[in-house]
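Just so you know, the protein sequences line up as chains E and Y, in that order. Heads up: the first sequence begins at 1 in this note's numbering, then just goes up one per residue. Heads up: the second sequence begins at 672 in this note's numbering, then just goes up one per residue. Where is the CB? At the ideal position from N, CA and C, for every residue including glycine. Quick caveat, the model's predicted, so the values are computed rather than measured. Report on the structure given below.
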Amino acid sequence: MDINQYMGMFLEESREHLQNLNSCVLELENAPDNLSVLGEIFRSAHTIKGMSATMGFTAIAELTHEMENILDMLRKSQLHANPDIIDTIFKCVDTLEQLVESVATNSENSIDCKPLIGKLKALAKGESTANTAIETKVEKMASKSSDIEFSDTELVVLKKAIAQGLQAYEITIYLREGCLLKSARSYMVMNALDEIGEVIKTIPTVDDLEKEKFDLSFQAIIVTGSDADKIQQTVLSISEIDKVVAVPCLLPETTTVQEKQQVTETKVAQVVPEDAVATTVSATVKNKGGQSVRVDIDKLDALLNLVGELVINKTRLEQIGLTHKLVDLVETMEQMDRVTTDLQSVVMKVRMVSVGQVFNRFPRMVRDLSHGLGKEINLIIQGEETELDRTVIDEIGDPLVHLLRNSIDHGIELPEERQAKGKNPIGEVRLIARYEGNNVIIMVEDDGKGINPDIIKGIAVKKGLITQLEADKMDTNEAVKLVFLPGFSTAEVITDVSGRGVGMDAVKNKIESLGGMVDVETKINEGSKFKIRLPLTLAIIQALLVNVSDEIYAIPLGSIDSTINIKSSELKTVQNKEVILLRGQIIPIVRLANVLDIPETKQEKEQDELFIVIVHLGDLRAGVIVDNLIGQQEIVIKSLGKLLAGIKVIAGATILGNGQVALILDIASLI
Amino acid sequence: MSEQTYSSSEIQLVVFKLGREEYGVSILQVQEIKRITEITRVPHTPEYIKGVINLRGSVLPVIDLKKRLNLPPQVATEDARIIIVKVKEISVGMMVDAVSEVMTINQQDIDYPDAVSGSISANYLSGVGKLDNRLLILLNLETITGIGQEATPS
Numbered sequence: 001m002d003i004n005q006y007m008g009m010f011l012e013e014s015r016e017h018l019q020n021l022n023s024c025v026l027e028l029e030n031a032p033d034n035l036s037v038l039g040e041i042f043r044s045a046h047t048i049k050g051m052s053a054t055m056g057f058t059a060i061a062e063l064t065h066e067m068e069n070i071l072d073m074l075r076k077s078q079l080h081a082n083p084d085i086i087d088t089i090f091k092c093v094d095t096l097e098q099l100v101e102s103v104a105t106n107s108e109n110s111i112d113c114k115p116l117i118g119k120l121k122a123l124a125k126g127e128s129t130a131n132t133a134i135e136t137k138v139e140k141m142a143s144k145s146s147d148i149e150f151s152d153t154e155l156v157v158l159k160k161a162i163a164q165g166l167q168a169y170e171i172t173i174y175l176r177e178g179c180l181l182k183s184a185r186s187y188m189v190m191n192a193l194d195e196i197g198e199v200i201k202t203i204p205t206v207d208d209l210e211k212e213k214f215d216l217s218f219q220a221i222i223v224t225g226s227d228a229d230k231i232q233q234t235v236l237s238i239s240e241i242d243k244v245v246a247v248p249c250l251l252p253e254t255t256t257v258q259e260k261q262q263v264t265e266t267k268v269a270q271v272v273p274e275d276a277v278a279t280t281v282s283a284t285v286k287n288k289g290g291q292s293v294r295v296d297i298d299k300l301d302a303l304l305n306l307v308g309e310l311v312i313n314k315t316r317l318e319q320i321g322l323t324h325k326l327v328d329l330v331e332t333m334e335q336m337d338r339v340t341t342d343l344q345s346v347v348m349k350v351r352m353v354s355v356g357q358v359f360n361r362f363p364r365m366v367r368d369l370s371h372g373l374g375k376e377i378n379l380i381i382q383g384e385e386t387e388l389d390r391t392v393i394d395e396i397g398d399p400l401v402h403l404l405r406n407s408i409d410h411g412i413e414l415p416e417e418r419q420a421k422g423k424n425p426i427g428e429v430r431l432i433a434r435y436e437g438n439n440v441i442i443m444v445e446d447d448g449k450g451i452n453p454d455i456i457k458g459i460a461v462k463k464g465l466i467t468q469l470e471a472d473k474m475d476t477n478e479a480v481k482l483v484f485l486p487g488f489s490t491a492e493v494i495t496d497v498s499g500r501g502v503g504m505d506a507v508k509n510k511i512e513s514l515g516g517m518v519d520v521e522t523k524i525n526e527g528s529k530f531k532i533r534l535p536l537t538l539a540i541i542q543a544l545l546v547n548v549s550d551e552i553y554a555i556p557l558g559s560i561d562s563t564i565n566i567k568s569s570e571l572k573t574v575q576n577k578e579v580i581l582l583r584g585q586i587i588p589i590v591r592l593a594n595v596l597d598i599p600e601t602k603q604e605k606e607q608d609e610l611f612i613v614i615v616h617l618g619d620l621r622a623g624v625i626v627d628n629l630i631g632q633q634e635i636v637i638k639s640l641g642k643l644l645a646g647i648k649v650i651a652g653a654t655i656l657g658n659g660q661v662a663l664i665l666d667i668a669s670l671i
Numbered sequence: 672m673s674e675q676t677y678s679s680s681e682i683q684l685v686v687f688k689l690g691r692e693e694y695g696v697s698i699l700q701v702q703e704i705k706r707i708t709e710i711t712r713v714p715h716t717p718e719y720i721k722g723v724i725n726l727r728g729s730v731l732p733v734i735d736l737k738k739r740l741n742l743p744p745q746v747a748t749e750d751a752r753i754i755i756v757k758v759k760e761i762s763v764g765m766m767v768d769a770v771s772e773v774m775t776i777n778q779q780d781i782d783y784p785d786a787v788s789g790s791i792s793a794n795y796l797s798g799v800g801k802l803d804n805r806l807l808i809l810l811n812l813e814t815i816t817g818i819g820q821e822a823t824p825s
């Protein structure tokens, strides 16, 4: 079987389920008795098991199988979710993540799951005594039939039997490994059960049991006047039976009247047992329900390209209509304009992904980090529904990890220290996303000790990043920004959490490469706030088109401050470099014609009036001299392709309304 | 790619002219042939990169083949074309003086000389095809475009 075509799907879905597992187990840690969360964990684990088994990744399947056993016991209240179990489950999830990644990278699988599997088995066994004890305490086990679905007729029989005072049991029979005549054994079991009660349903069906279409275990639902012990004895009297678990099976209708009144009619309830109903309800709320289709991002890119092309051609048609004064055409084009604008915004929306996708993994990370550091931290996430372009989402994870780690490691103090300062011993880290105009703001805030500008200055001087003189002149704000310098690390002790000195400048570079900005505000003993500003999308931007000689270039509007018009006599030189004075600020001048190697012959004579575009990158500014301003336009960014990748000064290309290619300037390289 | 396509006994070539010499590339590598359109110059690129063009919405680099092969420059005529070739999944345009025909050539009519006399570096050749009294210079597109080797320095 060619499994490669399913590989992508497998990886993606596994990752999704692992992510889900992570957040659900976290939830379980806070509410160990939450059955709906358990149900969700179980389902995710089960799906991973099924998928990996199908794909032939036995290690994953084996581990999830053992996990499932534990989860099942938790679900049936045969085990209680204590910290040990939670930790083990977390470890399982981690190992599964590694396993899945090793599948993804096709690397040699050297992960040993045996200790974990052993641990899981031990956990399961440790409770097997309690297991039988519980079975006798019927009143303790609320209900419990895993995923058994009853048909209407079966339900009627069950109801009738219960009305007569009989009890329904869900019996799981495990045959001994190596059992030869499985069908015969199952037949004997059925016979024995028939003697003490009425078998209503078997899983798999009786037909399949006879054809041996089952593994080592099968289930039966039986109504009987006997109790669980009696059933077990009866079945165990048959040879080659390993284990019998009999659990009272309560019908959804009979058990959950009070909970279910809000669940309108019992259509769902008839098929799904009680606790599962609760889960489905909460799950649909949580997962926003709705139908969705998984689409390859390349296809979306292609779609966006086509829409971009459509827009370009529309502009051309408009121009034709205007030059030839074709009223009909112009009117039609106005209609068309509306449609294409809508189409464009829809396609852009399709590419948007909520930041929740990235944020999801942080609660787990914060938990592990804070445990490791002996700190107590409350992570508050807000605005996870804020959407960003897929390309940005893919890149934003690492910088955020850096910032969060920083806050946890350097920001939040140890509980004792916090108490001494009169703060709540539990630290607070906030991760907030929100829209602001055409940008998305992501903030990482903590209420820790803040950044001390004097210490920062001291370190920067000591590391030779700035001179003492420079340090003395800096105000607080500037000093704090020193953390973004390459090679800066404030941790006195290097921990494995952060403080390798690669953090903040890497963050800054990444964010800037995404067309964004990062800023920091801090107050000593009150905390720090890192603010990331990102463009909504990278694919279509507003740009200013300019002329240099007869060539046309586009400057992203996001990096333009203003455009000014000055006399050439206002150009000054400082150390042989041209500058202008703008509102008291000295701004260096860049002559585009020189930077772009525009041939001398094309270059026009020194004009008396100069058009200057003031651009900025973070706090840096520069004035770019151009020959003419053409106007503002929405442009679709195209790559120059692999052959021309990495040309400095040029960030990409775009296609103008007349079909001509214009290059987009890379402002960062000009400043 | 280019080498493998010559392994069958007959190959089809797109024949084009640069100055007075005739050249050929395997038809399997040719995507399309276009009239010269507006080419946008790209700064800080090697001299033989003529610029970029818009090919139905995508931006494509164009190589000035004569510059690349150190042939004397010449004003483009009406016959000038851009041949769009695909090398290792990357599309590149090549400016040529004229495209003359598509012809089939037998494998045994191709010579693989160690060094062909002539003006172009042997690096860019993959062979010479002999047909009656014509000589067809077969180009090695990978070295010409610089794809699959060191990225073109900027």
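- Taken in chain order, the complete alpha helix (DSSP H) segments of 4 residues or longer contained in the region 209-257 of chain E are 228-236 and 252-255.
- If you draw a straight line from the Cα of Gly-356 (chain E) to the Cα of Pro-32 (chain E), it is about 24 angstroms long.
- Inter-segment contact for the region 562-579 of chain E and the region 681-688 of chain Y is absent: fewer than three beta-carbon pairs are separated by less than 8 angstroms.
- For Val-206 (chain E), the secondary structure class from DSSP, reduced to helix, strand or coil, is helix.
- Residues Gln-468 and Ala-471 of the same chain have their beta carbon placed closer than 6 angstroms to that of Val-461 (chain E), with the five preceding and five following residues left out of the count.
- Going by beta carbons, Thr-95 (chain E) and Leu-120 (chain E) fall outside the 8 angstroms limit.
- If the five residues before and after Val-548 (chain E) are omitted, its C-beta is found closer than 8 angstroms to the C-beta atoms of Leu-592, Ala-593, Leu-596, Ile-598, Val-626 and Asp-627, all from its own chain and listed in chain order.
- Counting C-beta pairs with one atom in each stretch, the region 612-632 of chain E and the region 690-698 of chain Y have fewer than three that are closer than 8 angstroms, which means they do not touch.
- Sequence-ordered contacts of the region 328-349 of chain E with chain Y are nonexistent [C-beta pairs closer than 7 angstroms].
- Nearest Cα to Ile-755 (chain Y) within the set Y:Pro-743, Y:Val-746 and Y:Arg-727: Y:Arg-727.
- In the structure shown, the three-state DSSP call for Gly-422 (chain E) is coil.
- The beta carbon of Glu-40 (chain E) does not come within 8 angstroms of any beta carbon belonging to chain Y, so the residue lies off that interface.
- Sequence-distant Cβ neighbours of Asp-782 (chain Y) in its own chain, meaning closer than 7 angstroms and more than five residues away, are Gly-798, Val-799 and Lys-801.
- Straight through space, the alpha carbons of Ser-762 (chain Y) and Ala-543 (chain E) are spaced by roughly 27 angstroms.
- In this structure, the alpha-carbon of Val-295 (chain E) lies about 11 angstroms from that of Met-9 (chain E).
- Taken in chain order, the unbroken stretches of alpha helix (DSSP H) that lie wholly in the region 448-488 of chain E and span 4 residues or more are 453-462, 468-473 and 476-480.
- Between Leu-11 (chain E) and Val-100 (chain E), the C-beta spacing is below 8 angstroms.
- Excluding sequence positions up to five before and after Phe-214 (chain E), its CB lies within less than 6 angstroms of the CB of Pro-204, all in the same chain and listed in chain order.
- Sorting E:Ser-52, E:Pro-83, E:Ile-41 and E:Met-55 by C-alpha distance to the C-alpha of Asn-69 (chain E) places E:Ile-41 at the top.
- By the Cβ neighbour-count rule, Leu-369 (chain E) is buried, with 16 or more other Cβ atoms within 10 Å of its own.
- Judged by DSSP secondary structure, Phe-687 (chain Y) falls within the beta strand (DSSP E) whose first and last residues are 681-689.
- Each residue's CA atom was taken as its position, placing Leu-74 (chain E) and Leu-38 (chain E) some 8 angstroms apart.
- For Thr-708 (chain Y), no beta strand (DSSP E) encloses it, and the DSSP letter there is neither H nor E.
- By alpha-carbon distance to Glu-212 (chain E), the top candidate from E:Leu-35, E:Val-235, E:Tyr-169 and E:Leu-175 is E:Leu-175.
- DSSP links Glu-387 (chain E) through a beta bridge to E:Ser-354.
- Contact annotation for Val-93 (chain E) against chain Y: no contact, minimum CB-CB distance about 38 angstroms [criterion: below 7 angstroms].
- Residue environment: Glu-66 (chain E) is assigned as buried (16 or more neighbouring CB atoms within 10 Å of its CB, all protein chains considered).
- Classified as exposed, Gly-646 (chain E) has fewer than 16 neighbouring CB atoms from the shown chains inside 10 Å of its CB.
- Here Ala-161 (chain E) is buried, its C-beta having at least 16 other C-beta atoms within 10 Å.
- For Glu-68 (chain E), the enclosing alpha helix (DSSP H) stretches over residues 58-75.
- For Ala-769 (chain Y), DSSP records a beta bridge to Y:Lys-688.
- A check of alpha carbon separations from Gly-516 (chain E) across E:Val-507, E:Ser-44 and E:Leu-404 identifies E:Val-507 as the nearest.
- For the 8 angstroms CB-CB criterion, Val-199 (chain E) and Val-93 (chain E) do not form a contact.
- At a cut-off of 8 angstroms between C-beta atoms, Gln-660 (chain E) counts as an interface residue with respect to chain Y.
- In chain order, Pro-714 and His-715 make up the part of chain Y whose C-beta sits under 8 angstroms from the C-beta of Asp-597 (chain E).
- If you compare the alpha carbons of E:Ala-104, E:Ile-380 and E:Leu-485 with that of Met-443 (chain E), the shortest gap goes to E:Ile-380.
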